[in-house]
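*Asks:* Start counting the sequence shown at 7; every next residue gets the next number (our numbering). Where a beta carbon is used, it is the ideal one built from N, C-alpha and C, also for glycine.
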Amino acid sequence: MKTGPALTYNNPSIRLFSPIFGEIQFVLAAVLLAAITGGAAMAEPYREGPVDQGGVISGRVTAGSAKAKVERFIVPKQAEICGGNYRDASLVSVEAGSLQNVVVYLEEVAVGKPFRAAAKKVTINQVGCWFVPFLSVLMDGGELEAVNSDPVLHNIHIYELVGQTRGSIANVSQPRKGDIMTMSVSLDDGIALKVECDAHDFMHAYVFVAENPYYALAAPDGSFEITDVPPGRYEIRAWHPYLGVKSKTIEVKPHGVTTLDFSY
Ligand SMILES: [Cu+2]
Numbered sequence: 007m008k009t010g011p012a013l014t015y016n017n018p019s020i021r022l023f024s025p026i027f028g029e030i031q032f033v034l035a036a037v038l039l040a041a042i043t044g045g046a047a048m049a050e051p052y053r054e055g056p057v058d059q060g061g062v063i064s065g066r067v068t069a070g071s072a073k074a075k076v077e078r079f080i081v082p083k084q085a086e087i088c089g090g091n092y093r094d095a096s097l098v099s100v101e102a103g104s105l106q107n108v109v110v111y112l113e114e115v116a117v118g119k120p121f122r123a124a125a126k127k128v129t130i131n132q133v134g135c136w137f138v139p140f141l142s143v144l145m146d147g148g149e150l151e152a153v154n155s156d157p158v159l160h161n162i163h164i165y166e167l168v169g170q171t172r173g174s175i176a177n178v179s180q181p182r183k184g185d186i187m188t189m190s191v192s193l194d195d196g197i198a199l200k201v202e203c204d205a206h207d208f209m210h211a212y213v214f215v216a217e218n219p220y221y222a223l224a225a226p227d228g229s230f231e232i233t234d235v236p237p238g239r240y241e242i243r244a245w246h247p248y249l250g251v252k253s254k255t256i257e258v259k260p261h262g263v264t265t266l267d268f269s270y
């Protein structure tokens, strides 16, 4: 049974609220999704356990027909902190034919290797009015920390992404430099979080929320590798924050190395 986000914070003046309308829209979307899928039973939660004759999946994510896309935002205030009079936010980034900011992951793994420590807690720093990092991976049930390193107010607003819809799950004001907020994240249907700042509409970040440790954030050259995979047949997906999901099936043989590429 999953629970909603639990929030703790070091600043007693923090405001915590949810836009009711957004919540209602999100609940309706969730009900609709359940109706479409016939309210199928949820998969069992992932368990850590021994991996016998694990295999490796490796490959590369290429841009294919996807083109780099930049959105320009005006920076109307606090230019000395936030830098310049405008901000070019990269929605789709391509380097030498490789698509950047892609997470490749296995869907529906019942039991296998442990999560790496880095996935259990993710910190997003707000510095120079940027969220750093832009994309991170957190295990489902892990802890998300947000730090304000700027001498201006940021208002971190976190949404759960479910397909083409999103629902607000946390909205926390961080008025002072040094403010820290932590929350545990357990998602019911979504696969990622979108992080925005309500004080600066040009600040954007994403957190992929992994249900199992069989994922890889593709390197700048597009390469990825997923190790110690229990032999079997899987659905493997690539997820890009703006371009969405690509899906394939893959067979992993005992001690085998399987190569597979994604192209957007
Ligand atoms: Cu901000």
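Along the beta strand (DSSP E) that carries Ala244, what are the first and last residues, could you check?
*Replies:* As a working mapping, residue 244 is identified with position 238 in the sequence shown. Its beta strand (DSSP E) spans residues 238-246.
*Asks:* Rounded to whole angstroms, what's the CA-CA distance from Gly28 to Glu166? Just pull it up for me.
*Replies:* Indexing the sequence shown from 1 puts residue 28 at position 22. Indexing the sequence shown from 1 puts residue 166 at position 160. Low confidence applies here, because Gly28 scores a pLDDT of 45, under 50, leaving its location unreliable and the question unanswered by this model.
*Asks:* Taking contact to mean at least 3 C-beta pairs separated by less than 8 angstroms, is the stretch 249-261 in contact with the stretch 143-150?
*Replies:* Counting Cβ pairs under 8 angstroms, fewer than three are found: no touch.
*Asks:* Looking at the structure shown, is Tyr111 part of a helix, part of a strand, or coil, going by DSSP?
*Replies:* Along the sequence shown, read from residue 1 onward, the residue named residue 111 stands at position 105. Here Tyr111 sits in strand by DSSP.
*Asks:* Is Arg66 closer than 7 angstroms to Asp207 when the C-beta atoms are compared?
*Replies:* The residue given as residue 207 occupies position 201 in the sequence shown. The residue given as residue 66 occupies position 60 in the sequence shown. It is not a contact, given that the beta carbons lie outside the stated cut-off.
*Asks:* By how many angstroms is the C-alpha of Ala95 removed from the C-alpha of Trp245?
*Replies:* Here residue 245 refers to the residue found at position 239 of the sequence shown. Here residue 95 refers to the residue found at position 89 of the sequence shown. About 19 angstroms.
*Asks:* Less than 6 angstroms between C-beta atoms, sequence neighbours within five positions excluded: which residues of the same chain meet that for Ser229?
*Replies:* In the sequence shown, residue 229 corresponds to position 223, counting from 1. Arg66.
*Asks:* Measuring straight from C-alpha to C-alpha, what distance separates Ala198 and Ala123?
*Replies:* Translated into the one-based positions of the sequence shown, residue 198 becomes position 192. Translated into the one-based positions of the sequence shown, residue 123 becomes position 117. Taking the straight line joining both Cα atoms gives about 19 angstroms.
*Asks:* Assign Gly103 to buried or exposed, taking buried as 16 or more other Cβ atoms, counted over all protein chains shown, within 10 Å of its Cβ.
*Replies:* For the purposes of this step, residue 103 is identified with residue 97 of the sequence shown, where counting begins at 1. Exposed, since its Cβ has fewer than 16 Cβ neighbours within 10 Å.
*Asks:* Give every residue whose Cβ lies closer than 6 angstroms to any heavy atom of ligand 1, listed in chain order.
*Replies:* Those residues are Cys135, His160, Cys203, Ala205, His206, Met209, given in chain order.
*Asks:* What is the DSSP secondary structure of Ala176, reduced to helix, strand or coil?
*Replies:* Counting from one through the sequence shown, the residue named residue 176 turns up at place 170. It is a strand residue.
*Asks:* Does the stretch 130-143 come into contact with the stretch 202-219, if we say contact requires no fewer than three beta-carbon pairs (one atom in each stretch) closer than 8 angstroms?
*Replies:* With a cut-off of 8 angstroms, the stretch 202-219 and the stretch 130-143 count as touching, because enough Cβ pairs lie within range.
*Asks:* Okay, do the stretch 104-120 and the stretch 216-235 touch, 3+ Cβ pairs below 8 angstroms being the bar?
*Replies:* Yes, the stretch 104-120 is in contact with the stretch 216-235.
*Asks:* Quick one, which of His160, Asp194, Gly173, Asp195 has its alpha-carbon nearest Ser179's?
*Replies:* The residue you call residue 179 lines up with position 173 of the sequence shown. Considering only alpha carbons, the answer is His160.
*Asks:* How big is the Cα-Cα spacing for Gln170 and Leu193?
*Replies:* Working through the sequence shown from its first residue, we reach residue 170 at position 164. Working through the sequence shown from its first residue, we reach residue 193 at position 187. C-alpha separation (whole angstroms): 16 angstroms.
*Asks:* If Val201 and Ile162 are in contact, beta carbons under 8 angstroms, what's the gap, nearest whole angstrom?
*Replies:* In the sequence shown, counting from the first residue as 1, residue 201 sits at position 195. In the sequence shown, counting from the first residue as 1, residue 162 sits at position 156. Confirmed, about 6 angstroms.
*Asks:* Do Ile63 and Thr264 count as a contact pair if the criterion is CB distance below 7 angstroms?
*Replies:* For this step, residue 264 is matched to residue 258 along the sequence shown. For this step, residue 63 is matched to residue 57 along the sequence shown. Yes; because the gap between Cβ atoms is below 7 angstroms, this pair is in contact.
*Asks:* Identify, in the order they occur along the chain, each residue of the same chain with its Cβ nearer than 6 angstroms to the Cβ of Val108, setting aside the five sequence neighbours on each side.
*Replies:* Translated into positions along the sequence shown, residue 108 becomes position 102. The residues are Val67, Ala224, Ala244, His246.
*Asks:* Going by Cα to Cα distance, which pick from Asn177, Gly118, Ser99, Val168 is closest to Phe140?
*Replies:* Locating residue 140 in the sequence shown gives position 134, where the first residue counts as 1. The option with the nearest alpha carbon to Phe140 is Ser99.
*Asks:* Quick one: what's got a C-beta closer than 8 angstroms to Pro120's C-beta in the same chain, skipping five residues either side?
*Replies:* Looking up residue 120 in the sequence shown gives position 114. Glu54, Pro219, listed in sequence order.
*Asks:* From Asp58 to Pro236, what does the alpha carbon distance come to, in whole angstroms?
*Replies:* Within the sequence shown, numbered from 1, the residue matching residue 58 stands at position 52. Within the sequence shown, numbered from 1, the residue matching residue 236 stands at position 230. The straight-line gap from Cα to Cα measures roughly 6 angstroms.
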